[in-house]
Amino acid sequence: MKRKAILVGVNVNRLDMEFEYSMNELKHLAEALKIESVATVTQKLPTIHPSSYIGKGKLEELRILVEEMDPDVIIFDDELSASQISTLESKLNCDVIDRTMLILDIFAERAKTKESQLQVEIARLKYMLPRLVGKGISLSRQGGGAGFRNRGAGETKLELDRRKIENRISQLNKELEKVIQERATQRNLRRKNRLPIVSLVGYTNAGKSTIMNAFIEKYNMGEEKQVLEKNMLFATLETSVRKIRMENNQTFLLTDTVGFINKLPHHLVKAFRSTLEEVVEADVIVHVLDFSDPNYRDHMHLTNQLLEEIGVRDVPIIYAYNKADVTEHSFPKVVGEKVFLSGKKRIGIEELSDVIRKKIFPDTVQCELFIPYAQGEVLSYFYDHAHVLSKDYVEEGTKLLVGCSQSDARFYQKYITR
């Protein structure tokens, strides 16, 4: 049975359209945890009320609504302080969570790998810290808002003081550091393979995983496992990496990352920094936009801001205007660095591939090489990473005519004969 919620938001100097979108997004966030929104209460104020978030009159209106509708939880669109939570729960006699806690709960439910589970718990504890001190709130209560607890986290019923929480955060950070080092080792190994990295980024539910699966389907013909693809917020928390080999043997690594969202909790951005480092080290970023969403420009701006915040500098960006099939615009179409396509219908993937190819393989040169039989690993490298145009087995080795990158030509200069 679905849990019921009343949504509450305050519009402080925002356009009505922006505020309505934020409240609608809050509704979808609740749906991601199978919570049904049964009512919405909003108010325009010059500033958030310091003790009760909404004004006293609106608070009384909300109290009466709570009595009538008997919701399981009340969800507020902005982050609440400890005193605001205490006041609201006392006045309303109902569990209260805010947008940040809701997002943390979604992340907790979606986290599948050790790394993402550690990242979520660290973010949750850091969020809790200022809300626990002197308030007598147990980890099990605050850890899951209205009972939406992170599995395996927050099991204890004991009251936690600042020192205990800080010790727990310290312990988790040490565990996370080990996982981060393992990820860095994997990343270095991929770098040694000299394969370019293309990272898919974008607002949550923009269609990143759909586009990744379209690439896997087109170029890998079932050799690589497809990634989870669902019409829901934050379906993907872990970074997926797949090797894409195009028709001419040009190969790159494609990564699919966690989606962004408006008011993404700061602690989560910090906690997931190690995961997002895949983007920082990319050779090309494909910024996926839900072109059918009227707010896609806001999503683009927000995502670019977050990319800047995590340290993305001077990485070429291609904009993939996805879901063009549900708009009135013509597609597939390429305009400079913009590609209009439909990942779901697999239309425009070839055009996106061409733009990516020009970015990561701009310097392809043709070379003749002679590789001695004793250097079999060099021969294997060119079979895997170059477009082999012809080959000839002679007495002491193999002659190849290849199209390869200038960096490979420089690195293997001693094997080049012409």
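Under numbering that gives the first Met the number 0, the sequence shown has 254 at position 255, and the numbering climbs by one with no breaks.
Cβ atoms here follow ideal geometry from the backbone N, Cα and C, with glycine treated the same way.
Bear in mind the structure is a predicted one, so any value in this text is a computation, not a measurement.
Ordered along the chain, which non-local residues of its own chain (more than five positions away) have a Cβ less than 8 Å from that of residue i?
{"i": "residue 121", "result": "168, 171, 172, 175, 266, 270"}
{"i": "residue 53", "result": "7, 9, 40, 42, 44, 61"}
{"i": "residue 387", "result": "248, 381, 399, 400, 401"}
{"i": "residue 412", "result": "none"}
For residue i, I'd like the list of residues in its chain whose CB is within less than 7 Å of its CB, leaving aside the five on either flank, ordered along the chain.
{"i": "residue 178", "result": "113, 114, 117"}
{"i": "residue 329", "result": "none"}
Quick one: what does DSSP say residue i is sitting in, helix, strand or coil?
{"i": "residue 363", "result": "strand"}
{"i": "residue 298", "result": "helix"}
{"i": "residue 290", "result": "coil"}
{"i": "residue 139", "result": "Per-residue confidence for residue 139 stands at a pLDDT of 45, beneath the threshold of 50, marking its modelled position as unreliable; no derived number is given."}
{"i": "residue 80", "result": "coil"}
{"i": "residue 198", "result": "strand"}
{"i": "residue 42", "result": "strand"}
{"i": "residue 275", "result": "helix"}
{"i": "residue 35", "result": "strand"}
{"i": "residue 386", "result": "strand"}
{"i": "residue 239", "result": "strand"}
{"i": "residue 417", "result": "coil"}
{"i": "residue 330", "result": "coil"}
{"i": "residue 312", "result": "coil"}
Can you check whether the CB of residue j is closer than 8 Å to the CB of residue i?
{"i": "residue 367", "j": "residue 400", "result": "yes"}
{"i": "residue 70", "j": "residue 4", "result": "yes"}
{"i": "residue 356", "j": "residue 245", "result": "yes"}
{"i": "residue 298", "j": "residue 318", "result": "no"}
{"i": "residue 348", "j": "residue 242", "result": "no"}
{"i": "residue 161", "j": "residue 128", "result": "yes"}
{"i": "residue 302", "j": "residue 372", "result": "no"}
{"i": "residue 305", "j": "residue 295", "result": "no"}
{"i": "residue 364", "j": "residue 278", "result": "no"}
{"i": "residue 264", "j": "residue 103", "result": "yes"}
Using DSSP's beta-bridge definition, name the partner residues of residue i.
{"i": "residue 427", "result": "Shown here, the chain extends from 0 to 417; a query on residue 427 therefore has no answer."}
{"i": "residue 375", "result": "Paired residues: none, contrary to the question."}
{"i": "residue 368", "result": "399, 415"}
Start and end of the beta strand (DSSP E) containing residue i?
{"i": "residue 412", "result": "No beta strand (DSSP E) contains residue 412, which DSSP labels as neither H nor E."}
{"i": "residue 316", "result": "316-321"}
{"i": "residue 251", "result": "250-255"}
{"i": "residue 3", "result": "2-10"}
{"i": "residue 47", "result": "Note, residue 47: premise wrong, no beta strand (DSSP E); not H, not E."}
By the DSSP assignment, the alpha helix (DSSP H) with residue i in it spans what residues?
{"i": "residue 64", "result": "55-68"}
{"i": "residue 207", "result": "207-214"}
Who are the near neighbours of residue i in its chain, counting only those whose CB is closer than 6 Å to its CB and skipping five residues on each side?
{"i": "residue 249", "result": "360"}
{"i": "residue 157", "result": "Model confidence at residue 157 stands at a pLDDT of 42, short of 50, so the residue's coordinates are unreliable; what they give is reported in the following sentence. Correct list: empty, nothing qualifies."}
{"i": "residue 195", "result": "251, 282, 359"}
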